[in-house]
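Undergrad: Dropping a structure here in C-alpha cells format, bear with me for questions.
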Amino acid sequence: MSKLHISTTVNGEPAEFLCEASDTMLDVLRGPLGLTGSKEGCASGDCGACSILLDDRLVCSCLMLAAESEGHQLRTIEGMARGDHLHPLQQKFLELAALQCGICTSGMLVASDALLKKNPHPSEEEVRYWLAGNLCRCTGYDKIVRAVMETAADMREQGNMEARQ
Amino acid sequence: MNVITTNNKWIGQRTIRPDGADKVTGRAAFAADTTMPGMIWGKILRSPHPHARIKSIDTSKAEALPGVKAVVTARDVVDFPIDKSVMLGIQDMRWMCRNVMAREKALFPGHPVAAVAATTEAIAAQACALIEVDYEVLPWVIEIDDALKPDAPILHEFVKFEGKPSNIAGKLEAKKGDIALGFKEAEVVVERSFTTRPVHQGYIEPHACLVSVGADNKTTIWSSSQGQFMVRAMTSYLAGIPQSDIRAIPAEIGGGFGGKTIVYLEPLATLLAKKSGRPVKMVMTREEVMRSTGPTSGSKSTVKFGAKKDGTIVAAQGTFYLQAGALPGSPIRGAVGCSFSPYDIPNVLSVGYDVLSNRSKVAAYRAPGAPIGAYAVECVLDELAEALKMDPLELRLKNAAKQGTKAAHGPVFPRIGYVETLEAAKASAHYSAPLGKLQGRGVASGFWFNAGGESSAQVNITEDGNVVVTTGHPDIGGSRAAIANICAELLGIDYKRVSVLIGDTATVGFSNLTGGSRVLFASAMVVTQSAEKIITTLRERAAKIWEIDPEAVKWENGAAHPASPNAGEFPPLTLAELAAKAPSMGGPIGAGVQLNTEGAEGGFGTHICDVEVDVELGIVRVIRYTAVQDVGRAIHPGYVEGQMQGGVAQGIGWALNEEYIYNKQGKVDNPGFLDYRMPVCSDLPMLDTIMVEVPNPKHPQGVKGVGEVPLVPVMAAVANAIYNALGKRFYSLPMSPPKVLEVLDARSEAAE
Numbered sequence: 004m005s006k007l008h009i010s011t012t013v014n015g016e017p018a019e020f021l022c023e024a025s026d027t028m029l030d031v032l033r034g035p036l037g038l039t040g041s042k043e044g045c046a047s048g049d050c051g052a053c054s055i056l057l058d059d060r061l062v063c064s065c066l067m068l069a070a071e072s073e074g075h076q077l078r079t080i081e082g083m084a085r086g087d088h089l090h091p092l093q094q095k096f097l098e099l100a101a102l103q104c105g106i107c108t109s110g111m112l113v114a115s116d117a118l119l120k121k122n123p124h125p126s127e128e129e130v131r132y133w134l135a136g137n138l139c140r141c142t143g144y145d146k147i148v149r150a151v152m153e154t155a156a157d158m159r160e161q162g163n164m165e166a167r168q
Numbered sequence: 006m007n008v009i010t011t012n013n014k015w016i017g018q019r020t021i022r023p024d025g026a027d028k029v030t031g032r033a034a035f036a037a038d039t040t041m042p043g044m045i046w047g048k049i050l051r052s053p054h055p056h057a058r059i060k061s062i063d064t065s066k067a068e069a070l071p072g073v074k075a076v077v078t079a080r081d082v083v084d085f086p087i088d089k090s091v092m093l094g095i096q097d098m099r100w101m102c103r104n105v106m107a108r109e110k111a112l113f114p115g116h117p118v119a120a121v122a123a124t125t126e127a128i129a130a131q132a133c134a135l136i137e138v139d140y141e142v143l144p145w146v147i148e149i150d151d152a153l154k155p156d157a158p159i160l161h162e163f164v165k166f167e168g169k170p171s172n173i174a175g176k177l178e179a180k181k182g183d184i185a186l187g188f189k190e191a192e193v194v195v196e197r198s199f200t201t202r203p204v205h206q207g208y209i210e211p212h213a214c215l216v217s218v219g220a221d222n223k224t225t226i227w228s229s230s231q232g233q234f235m236v237r238a239m240t241s242y243l244a245g246i247p248q249s250d251i252r253a254i255p256a257e258i259g260g261g262f263g264g265k266t267i268v269y270l271e272p273l274a275t276l277l278a279k280k281s282g283r284p285v286k287m288v289m290t291r292e293e294v295m296r297s298t299g300p301t302s303g304s305k306s307t308v309k310f311g312a313k314k315d316g317t318i319v320a321a322q323g324t325f326y327l328q329a330g331a332l333p334g335s336p337i338r339g340a341v342g343c344s345f346s347p348y349d350i351p352n353v354l355s356v357g358y359d360v361l362s363n364r365s366k367v368a369a370y371r372a373p374g375a376p377i378g379a380y381a382v383e384c385v386l387d388e389l390a391e392a393l394k395m396d397p398l399e400l401r402l403k404n405a406a407k408q409g410t411k412a413a414h415g416p417v418f419p420r421i422g423y424v425e426t427l428e429a430a431k432a433s434a435h436y437s438a439p440l441g442k443l444q445g446r447g448v449a450s451g452f453w454f455n456a457g458g459e460s461s462a463q464v465n466i467t468e469d470g471n472v473v474v475t476t477g478h479p480d481i482g483g484s485r486a487a488i489a490n491i492c493a494e495l496l497g498i499d500y501k502r503v504s505v506l507i508g509d510t511a512t513v514g515f516s517n518l519t520g521g522s523r524v525l526f527a528s529a530m531v532v533t534q535s536a537e538k539i540i541t542t543l544r545e546r547a548a549k550i551w552e553i554d555p556e557a558v559k560w561e562n563g564a565a566h567p568a569s570p571n572a573g574e575f576p577p578l579t580l581a582e583l584a585a586k587a588p589s590m591g592g593p594i595g596a597g598v599q600l601n602t603e604g605a606e607g608g609f610g611t612h613i614c615d616v617e618v619d620v621e622l623g624i625v626r627v628i629r630y631t632a633v634q635d636v637g638r639a640i641h642p643g644y645v646e647g648q649m650q651g652g653v654a655q656g657i658g659w660a661l662n663e664e665y666i667y668n669k670q671g672k673v674d675n676p677g678f679l680d681y682r683m684p685v686c687s688d689l690p691m692l693d694t695i696m697v698e699v700p701n702p703k704h705p706q707g708v709k710g711v712g713e714v715p716l717v718p719v720m721a722a723v724a725n726a727i728y729n730a731l732g733k734r735f736y737s738l739p740m741s742p743p744k745v746l747e748v749l750d751a752r753s754e755a756a757e
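Which chain is which? The protein sequence lines are A and B, in order. Position one of the first sequence corresponds to residue 4 (the working numbering), numbered consecutively onward. Position one of the second sequence corresponds to residue 6 (the working numbering), numbered consecutively onward.
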C-alpha cells in the first residue's frame with residue numbers, strides 16, 4: 004500500500020509528509036518532521052509527554068493518527084518560544100526550578116499554555132486537574148503548579164498594564 | 006578544607022540551570038531523540054513464561070525475512086560461568102549476563118531470549134515473531150512466602166542456603182550489644198510484621214540507546230543512563246570489546262531514580278550493530294519497562310522494639326525479607342543498615358534475606374532498601390509512642406542519634422543534624438495545626454548512608470576569560486546548576502560565565518554512577534580542587550606581571566589583587582585579562598582533578614503528613630505534607646527542595662497506590678501508567694519543605710547528599726496518619742481504596 008500524503012501546518016509553517024495510515028502524529032513529529040521535543044513516555048495517552056495543540060485543542064499526539072492532521076494547525080513545544088525570547092511559562096519554569104530531568108517538561112508546558120489560553124485565572128485546584136494528564140516523576144508537581152499560577156498572575160498583570168496604556 | 010558558610014554570592018542562590026533553556030524548548034537531546042544515517046531498529050523477543058528451560062532457539066526464519074540484518078541470542082553474549090563472581094561495583098556480571106539475555110533458563114515473563122535488528126521497527130517485530138523457541142515450562146514462584154516453602158520451585162540449583170538449594174540467595178546481619186539482654190531490660194515491647202509490594206521507579210523516559218560499531222570494533226553508544234562509565238564497562242564485559250574501544254556518550258536522562266544504574270539494551274544493540282554493520286537504535290515500550298526493568302523489592306518484615314517506661318529504647322530487632330527478582334541482589338544492605346540508624350540504641354539486631362522468585366530482577370530505587378525498613382520501624386515506633394503515652398516526636402528526640410553515636414551498621418556519626426530535623430518538625434506550624442473530621446496526622450523519620458567514590462572534573466578557562474567545567478556524572482535533577490554556583494563562587498565571577506557539561510567516557514576521567522546521593526558531594530570536591538589549582542596559576546601569573554611574590558597576591562571578585570598595601574599598588578588583573586595574556590605566560594589555563602572521594606556522611610529526614618479519608622470510596626488523600634531534612638548545605642535551594650518534594654511524591658504513590666499486580670499465569674497484569682497508578686498532579690497537595698543546614702564537616706562546601714533521604718520516611722508517615730484518622734493500623738502496602746474499604750466495612754459491621 005502506498006503512503007498517504009498529508010499537508011498540514013506545524014508551528015505556523017506549512018508542512019508536508021508521507022506516512023502510513025497507522026503512523027501516529029507523534030511518530031511523524033519525531034521522525035520525518037524532526038521535532039523531537041515531544042516525547043514518548045507510554046504511547047497510551049497516560050503520561051502526556053507528547054502533548055501538542057491540534058488547532059486549539061490539547062491532545063496526546065501518541066493517540067492521534069498522523070493522517071488526521073490534514074488541513075489542521077499543530078503547535079508543539081518547538082513553537083513556544085519566539086527565537087531566543089522564551090514564553091513566560093518557559094521562563095518561570097526555569098526560575099522556579101519546576102523541572103528536574105526535563106522529560107515531561109515539553110508536555111507540561113504545552114498543556115499549561117493551553118490552560119492559560121482557556122482560563123487566565125486558574126485556581127490551584129483547576130491547575131492540578133488540568134495537568135492531571137501529564138505525569139512528572141521528579142518534582143512532586145509543587146513547583147510546576149506554582150510556576151503556572153505565578154505565570155498566570157504575571158500575564159494578567161501584563162495584560163492590565165497593556166490595557167491601561 | 007574550608008567550609009564556606011557566610012557571605013556567599015552564588016552558593017545558596019536559585020540560579021537558572023545551565024541546561025535549562027534546552028529543556029524548556031524541546032532542544033535537549035534525550036536517548037530516543039538521536040538518529041544516524043543508515044540506522045536500523047532493534048527489538049527484543051521476550052519470554053512469555055515465568056520459568057522455562059530453553060531447549061533450543063531457531064532463528065532461521067527470522068534471519069530469512071527481507072529487511073532483517075542481524076539476530077542475536079545468548080550465544081552471542083559473553084558468558085560468565087556461575088562458579089566465579091566478577092564484580093563491577095555492586096553488580097555481579099554472572100547475573101548481568103543472564104539478565105540482559107536468558108541463558109539456560111527464562112526466569113520471568115519479559116526475560117529477553119533473542120534480539121533482532123531490521124530496517125524498520127515493524128520488520129524487527131515481525132522477525133521476533135518468527136523465532137522459534139522450544140521451552141520446557143517449569144514450576145514457578147512469585148511471592149516471598151511461596152518462595153520460602155520447603156517444596157518451592159528452586160530458581161537456581163547453584164544457590165545454596167545452609168547447605169541446601171534454596172531461594173535464599175544471601176543473608177546480611179548488623180549487630181550491636183546483646184539483643185536478648187536488651188529485651189530483658191525492656192518494660193514495654195511492641196512487635197509487628199509488615200509487607201510491601203514491588204514498586205517501579207517510574208521514570209517517564211523508557212530505556213533507549215543508539216549504537217554504532219565500526220569495522221575495527223570502535224564503538225559509540227548514545228544512551229540514557231545514570232553512568233556512561235557503567236554503560237561502557239558493562240557493554241565491554243557483555244559484548245567482549247575492550248573499554249578503550251567504546252565511547253559511551255551520555256544523553257540527557259529522563260529520570261532514573263536508581264533504575265538506570267544497570268544496562269538492559271546497550272550490549273544487545275552493540276552486538277546487533279557489530280553483526281549488521283549498521284547503527285542500531287533500540288527503544289523500550291512502557292510495557293517492556295514495566296515487565297523487564299527495575300522495580301524495587303516487595304518485602305516482608307518483622308520489627309520489635311523494647312523500651313523503658315520513660316521512653317528510653319533499650320533494644321530493637323528487625324528481620325527483613327526482600328525480593329531479589331530472578332537473580333540475586335536485593336537491597337538488603339539498605340534495609341538492614343539504615344532502618345535503626347536514626348536512633349541511639351544499645352542493643353540492635355538487624356537481619357536481611359535476599360529472596361529469589363520469578364520476577365524481573367530488581368534494580369536500585371532511591372535509597373535502595375531503606376524505605377522498606379523504615380516503613381516497618383517507624384510504624385512500630387508510632388505504636389510504641391502510643392503505648393508509652395508519649396508524643397511520637399518526643400520519643401524520637403529522646404532516642405535520637407547524635408555526634409558520637411555508634412550506628413548498628415558500623416560507623417560512629419560525626420556532627421549530624423537529625424535532632425535539628427525533629428526540633429524543626431516539632432516547632433513547625435504544621436505540627437500544631439488543628440485537624441478536621443476523618444483527618445489524621447503522622448510523623449516518621451529516615452536515614453540514608455549517602456555515598457562518595459570516584460569523580461573527575463576538568464575546569465578550563467576559555468581564551469575570553471570564561472569557564473567550561475566538564476564532569477562525568479549525568480545530571481538528573483539540576484546538579485549542573487549547583488556546580489555552576491560553586492565554580493562561580495570560588496572564581497568570583499558571574500555564574501552565567503560558567504558552562505557545565507557532562508563529558509563522555511573519552512573526554513573526561515572515570516566518574517562513578519549518578520546514584521547514592523553522591524553527585525554533588527563528589528563533583529563539588531573535584532571541581533573545588535580544580536578551581537583552587539586554577540586560582541594558584543592565576544595568582545602566579547599576576548605575581549609575575551607585578552614582579553612580586555605569588556604569596557603576596559590574593560584572588561577576589563574574579564581578579565588578582567595585591568594581598569596587602571605592603572605588596573605594592575597595582576590595578577586588579579581580571580580573569581579575562583589574565584586569560585588574554587595566557588599564550589605569552591605559560592599557555593592555557595585549566596586544571597583537572599580525579600579523586601576517590603571520602604566523607605559522604607549519612608542524611609536524616611523527619612516528615613509530617615496529614616491525610617483525609619473518604620469513607621465512601623476508601624480513598625486516602627494527603628492534604629498537607631512537610632518534609633524536614635538535614636541537607637548539609639543547600640548549594641541550589643530550588644533543586645534541593647525539588648529532591649525532597651519528588652521523594653515525597655514517590656513515597657505517597659508507594660504508600661497509597663503503586664504495586665505490581667500479578668495474574669494467575671505469573672505475569673504482571675498492570676504494565677502501564679493507567680493501571681500502575683503513580684501520583685498525578687490532582688492527587689497531591691503542595692509539598693512543604695524545611696531545609697535544616699548542618700554543614701558536612703568533611704566537605705569543602707558542607708555538601709551532603711539529599712536525593713534519597715526524602716523517600717525513606719514517607720510510607721510510615723502516611724500509615725501513621727491514617728491510623729490517627731481512623732484508629733486502625735494497616736500492616737501492608739499499598740493502602741489502596743479496596744484495602745481501606747475492607748477495613749472500614751469490617752469496622753462498621755462490628756459496630757452493627
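Cβ coordinates follow ideal geometry from the N, Cα and C atoms, glycine included.
With contact counted as at least three CB pairs below 8 Å, one residue from each stretch, are the segment 742 to 755 of chain B and the segment 540 to 559 of chain B in contact?
TA: Under the Cβ criterion (8 Å, minimum of three pairs), the segment 742 to 755 of chain B does not count as touching the segment 540 to 559 of chain B.
Undergrad: Report the rounded CA-to-CA distance for L186 of chain B versus L354 of chain B, giving the unit in angstroms.
TA: Position 181 of the second sequence holds residue 186 of chain B. Position 349 of the second sequence holds residue 354 of chain B. The straight-line gap from Cα to Cα measures roughly 12 Å.
Undergrad: Are A392 of chain B and V699 of chain B closer than 9 Å when you measure CB to CB?
TA: Numbered from its first residue, the second sequence carries residue 392 of chain B at position 387. Numbered from its first residue, the second sequence carries residue 699 of chain B at position 694. Not a contact, by the Cβ cut-off of 9 Å.
Undergrad: What in chain B is Cβ-close to V148 of chain A, meaning under 8 Å?
TA: Stepping through the first sequence from its first residue, residue 148 of chain A is reached at position 145. Ordered by position in chain B, the residues that pass the 8 Å Cβ test against V148 of chain A are C686 and M691.
Undergrad: Just to confirm my understanding: we take K265 of chain B, look at its own chain, exclude 5 residues before and 5 after, and list those with CB closer than 6 Å. What are they?
TA: As a working note, residue 265 of chain B is residue 260 in the second sequence. Here the set comprises S230 and Q231.
Undergrad: Taking just the CA atoms, how far does G260 of chain B sit from L496 of chain B?
TA: Here residue 496 of chain B corresponds to residue number 491 of the second sequence, with the count starting at 1. Here residue 260 of chain B corresponds to residue number 255 of the second sequence, with the count starting at 1. When rounded, the distance between both Cα atoms is 31 Å.
Undergrad: Thinking T384 of chain B and F452 of chain B are a contact (beta carbons under 8 Å), I'd like their distance in whole angstroms, please.
TA: Walking along the second sequence from the start, residue 384 of chain B turns up at place 379. Walking along the second sequence from the start, residue 452 of chain B turns up at place 447. The sequence given here places Cys at residue 384 of chain B; Thr does not occur at that position. C384 of chain B to F452 of chain B, Cβ: 16 Å. No contact.
Undergrad: Taking a Cβ distance cut-off of 9 Å, strictly less, list which residues of the segment 79 to 99 of chain A are near chain B, in chain order.
TA: Cβ contacts with chain B: T79, I80, E81, M83, A84, D87, L89, H90, L92, Q93, Q94, F96, L97, E98 and L99.
Undergrad: For R420 of chain B, count neighbouring C-beta atoms within 10 Å of its own C-beta (all shown protein chains included) and say buried if the count is 16 or more, exposed if not.
TA: The residue given as residue 420 of chain B occupies position 415 in the second sequence. The residue in question, R420 of chain B, is exposed, as its Cβ has fewer than 16 Cβ neighbours within 10 Å.
Undergrad: I'd like to know whether the C-beta of C63 of chain A is nearer than 9 Å to at least one C-beta of chain B.
TA: As a position in the first sequence, residue 63 of chain A is number 60, starting the count at 1. Residue contact check for C63 of chain A against chain B: no CB pair falls below 9 Å.
Undergrad: Just mark P593 of chain B as buried or exposed, buried being the case when its beta carbon has 16 or more other beta carbons within 10 Å.
TA: Your numbering for residue 593 of chain B matches position 588 in the second sequence. P593 of chain B comes out exposed.
Undergrad: Report the option in A:D58, A:E71, A:K95 and A:R60 whose CA atom is closest to the CA atom of E23 of chain A.
TA: Translated into positions along the first sequence, residue 23 of chain A becomes position 20. Considering only alpha carbons, the answer is A:E71.
Undergrad: Say whether chain A places a C-beta atom closer than 9 Å to the C-beta of E713 of chain B.
TA: Indexing the second sequence from 1 puts residue 713 of chain B at position 708. Chain A, which has no Cβ nearer than 9 Å to the Cβ of E713 of chain B, makes this no.
Undergrad: Chain B beta carbons: is any one of them nearer than 9 Å to that of Q76 of chain A?
TA: Indexing the first sequence from 1 puts residue 76 of chain A at position 73. Output row for Q76 of chain A: interface = no.
Undergrad: For W133 of chain A and A456 of chain B, what's the separation of their Cα atoms in angstroms?
TA: Within the first sequence, residue 133 of chain A is the residue found at index 130, counting from 1. Within the second sequence, residue 456 of chain B is the residue found at index 451, counting from 1. Rounded to whole angstroms, W133 of chain A to A456 of chain B spans 39 Å at the Cα level.
Undergrad: Just verifying my parser: in three-state terms, what is the DSSP assignment at N571 of chain B?
TA: Against the second sequence, residue 571 of chain B aligns to sequence position 566. Looking at N571 of chain B - three-state DSSP - the assignment turns out to be helix.
Undergrad: With 7 Å as the C-beta to C-beta threshold (strictly closer), list the residues of the segment 239 to 258 of chain B near chain A in chain order.
TA: E257 and I258
Undergrad: Could you tell me whether the Cβ atoms of V424 of chain B and Y436 of chain B are closer together than 9 Å?
TA: Residue mapping note: residue 424 of chain B aligns to position 419 of the second sequence, counting from 1. Residue mapping note: residue 436 of chain B aligns to position 431 of the second sequence, counting from 1. No, these two residues do not count as a Cβ contact at 9 Å.
Undergrad: From S109 of chain A to M158 of chain A, what distance separates their C-alpha atoms?
TA: The count along the first sequence starts at 1 and reaches residue 109 of chain A at position 106. The count along the first sequence starts at 1 and reaches residue 158 of chain A at position 155. Each residue's alpha carbon lies about 20 Å from the other.
Undergrad: Ends of the alpha helix (DSSP H) at S281 of chain B?
TA: Here residue 281 of chain B refers to the residue found at position 276 when the second sequence is read from its first residue. Residues E271 to S281.
Undergrad: Would you report the Cα separation of Q534 of chain B and A489 of chain B, rounded to the nearest angstrom?
TA: Residue 534 of chain B sits at position 529 when you count from the first residue of the second sequence. Residue 489 of chain B sits at position 484 when you count from the first residue of the second sequence. The straight-line gap from Cα to Cα measures roughly 14 Å.
Undergrad: List the DSSP bridge partners of W133 of chain A.
TA: The sequence position of residue 133 of chain A within the first sequence is 130, counting from 1. In the DSSP output, where bridge partners are listed per residue, W133 of chain A has none listed.
Undergrad: Please give the ranges of any beta strand (DSSP E) in the segment 41 to 94 of chain B, keeping only runs that are unbroken, at least 3 residues long and fully inside the region.
TA: If only complete runs of 3 or more residues are kept, the segment 41 to 94 of chain B shows the beta strand (DSSP E) at 45 to 51, 57 to 63 and 73 to 78, in order along the chain.
Undergrad: Taking the alpha helix (DSSP H) that Q534 of chain B belongs to, which residues open and close that run?
TA: Translated into positions along the second sequence, residue 534 of chain B becomes position 529. From DSSP, the alpha helix (DSSP H) with Q534 of chain B extends over V524 to W551.
Undergrad: Could you say which of B:V288, B:L273, B:I337 and B:S52 lies nearest to E178 of chain B if we only look at CA atoms?
TA: The residue labelled residue 178 of chain B in the question sits at position 173 within the second sequence. Out of B:V288, B:L273, B:I337 and B:S52, B:I337 has the C-alpha closest to the C-alpha of E178 of chain B.
Undergrad: Residues in the same chain with beta-carbon distance under 6 Å from L684 of chain B, minus the five sequence neighbours each way, listed in chain order, please.
TA: Locating residue 684 of chain B in the second sequence gives position 679, counting from the first residue. In the sequence as presented, Leu is not what sits at residue 684 of chain B; that position holds Pro. Here the set comprises A654, I657 and G658.
Undergrad: Under a CB-based cut-off of 9 Å, is S5 of chain A close to chain B?
TA: Numbered from 1 along the first sequence, position 2 holds the residue referred to as residue 5 of chain A. S5 of chain A does not count as touching chain B.
Undergrad: For a contact meaning CB atoms closer than 8 Å, what does C53 of chain A contact in chain B?
TA: Position 50 of the first sequence holds residue 53 of chain A. Within chain B, no residue comes near C53 of chain A; the closest Cβ sits about 11 Å away, beyond 8 Å.
Undergrad: At which residues does the alpha helix (DSSP H) containing I318 of chain B begin and terminate?
TA: Counting from one through the second sequence, the residue named residue 318 of chain B turns up at place 313. Where I318 of chain B is concerned, there is no enclosing alpha helix (DSSP H), although the beta strand (DSSP E) it sits in stretches over I318 to G330.
Undergrad: Give the residues of chain B in contact with S109 of chain A, contact being defined as C-beta atoms less than 7 Å apart.
TA: Stepping through the first sequence from its first residue, residue 109 of chain A is reached at position 106. G31, listed in chain order.
Undergrad: Is there a Cβ of chain B sitting closer than 9 Å to that of V130 of chain A, yes or no?
TA: Here residue 130 of chain A is taken as the residue at index 127 of the first sequence, counted from 1. Judged by the 9 Å Cβ criterion, V130 of chain A is in contact with chain B.
Undergrad: Could you check the C-alpha separation between K314 of chain B and N662 of chain B for me, to the nearest Å?
TA: The residue you call residue 314 of chain B lines up with position 309 of the second sequence. The residue you call residue 662 of chain B lines up with position 657 of the second sequence. Near 37 Å, if we compare the C-alpha coordinates of N662 of chain B and K314 of chain B.
Undergrad: Roughly how many whole angstroms lie between the Cα atoms of G608 of chain B and A375 of chain B?
TA: Here the question's residue 608 of chain B lines up with position 603 in the second sequence. Here the question's residue 375 of chain B lines up with position 370 in the second sequence. Roughly 12 Å separates the two Cα atoms.
Undergrad: Give me, in chain order, the residues of the same chain whose beta-carbon lies closer than 7 Å to that of M6 of chain B; leave out the 5 immediate sequence neighbours on both sides.
TA: Counting from 1 along the second sequence, the entry for residue 6 of chain B is found at position 1. Low confidence applies to M6 of chain B: its pLDDT is 43, below 50, so where it sits in the model is not reliable, and the reading given next is rough at best. P705.
Undergrad: When the Cα of A278 of chain B is compared with those of B:T225, B:K309, B:V218 and B:S228, which residue comes out closest?
TA: As a working mapping, residue 278 of chain B is identified with position 273 in the second sequence. Closest by alpha carbon: B:V218.
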